[in-house]
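Colleague:
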Amino acid sequence: GIGVDRVRVAAYSICGAMAGLAGMVLASRTSVAAPTGAEMHELYAIAACVIGGASLSGGEGGAFAAIAGALIMMVLYNFCTIQNISVHWQQILIGLLLVILVFYDTWRKRRAGVLRD
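Using the working numbering, read the sequence shown as starting at 1146 and increasing by one per residue.
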């Protein structure tokens, strides 16, 4: 017979993809979305995960740690906004924090003998 579960998953997947495509077409036709509308949000997302304990080399971290990292990022972002720090300096600060945390993670793993040179 017909695999009902497979057909149902395929139908929902196709409908979801078509709804997303229709939303993108509508947004582009009505010019309500700017291409630079979410500029640098990927930096904030990556930094939130790394602050939460995720390793860029993989194998570590979890959902609750990522949420904790996101909360810490929001506190940092709100602090910078309250102190009237320029957006450019905020991005530099977050980038430096990300580089420091990646170096710390690499140092910690090498010290534990997990990574090799």
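Each residue gets a CB set at the ideal place from its N, CA and C atoms; glycine is no exception.
Using a Cβ-Cβ cut-off of 8 Å (strictly less than) and excluding sequence neighbours within five positions of Cys1187, which residues of its own chain qualify?
Modeller: Sequence index remark: in the sequence shown, residue 1187 carries index 42 (1-based). For the sequence presented, residue 1187 should be read as Glu rather than Cys. There are no such residues.
Colleague: Quick one: Cα of Val1177 to Cα of Met1218, how far?
Modeller: As a working note, residue 1177 is residue 32 in the sequence shown. As a working note, residue 1218 is residue 73 in the sequence shown. If you take the alpha carbons of Val1177 and Met1218, they lie about 28 Å apart.
Colleague: Give the single residue among Arg1255, Ala1179 and Val1195 whose Cα lies nearest to the Cα of Leu1243.
Modeller: For the purposes of this step, residue 1243 is identified with residue 98 of the sequence shown, where counting begins at 1. Checking every option, the nearest Cα to that of Leu1243 belongs to Val1195.
Colleague: For Ala1192, count neighbouring C-beta atoms within 10 Å of its own C-beta (all shown protein chains included) and say buried if the count is 16 or more, exposed if not.
Modeller: Walking along the sequence shown from the start, residue 1192 turns up at place 47. When all chains shown are included, Ala1192 counts as buried.
Colleague: Taking all protein chains shown into account, do 16 or more other C-beta atoms lie within 10 angstroms of the C-beta of Gly1148, making it buried, or fewer, making it exposed?
Modeller: Translated into positions along the sequence shown, residue 1148 becomes position 3. Looking at its Cβ environment, which holds fewer than 16 other Cβ atoms inside 10 Å, Gly1148 is exposed.
Colleague: Note down, in chain order, each residue of its chain lying with its Cβ closer than 6 Å to the Cβ of Cys1225, except the 5 sequence neighbours on either side.
Modeller: Sequence index remark: in the sequence shown, residue 1225 carries index 80 (1-based). The answer, listed in chain order, is Gln1235.
Colleague: Just to confirm before moving on: does the CB-CB distance between Gly1197 and Ala1210 stay below 7 Å?
Modeller: Along the sequence shown, read from residue 1 onward, the residue named residue 1197 stands at position 52. Along the sequence shown, read from residue 1 onward, the residue named residue 1210 stands at position 65. Contact: yes.
Colleague: Which runs of the beta strand (DSSP E) at least 3 residues long sit entirely within the segment 1173-1224? Give them in chain order.
Modeller: none
Colleague: Just mark Gly1258 as buried or exposed, buried being the case when its beta carbon has 16 or more other beta carbons within 10 Å.
Modeller: Walking along the sequence shown from the start, residue 1258 turns up at place 113. Gly1258 comes out exposed.
Colleague: At least one CB of chain B closer than 7 Å to the CB of Ser1231: is that the case?
Modeller: You won't find chain B in this structure, because it holds only one protein chain.
Colleague: State the DSSP-derived secondary structure class of Gln1228, mapped to helix, strand or coil.
Modeller: Translated into positions along the sequence shown, residue 1228 becomes position 83. Reduced to three states, the DSSP call for Gln1228 is coil.
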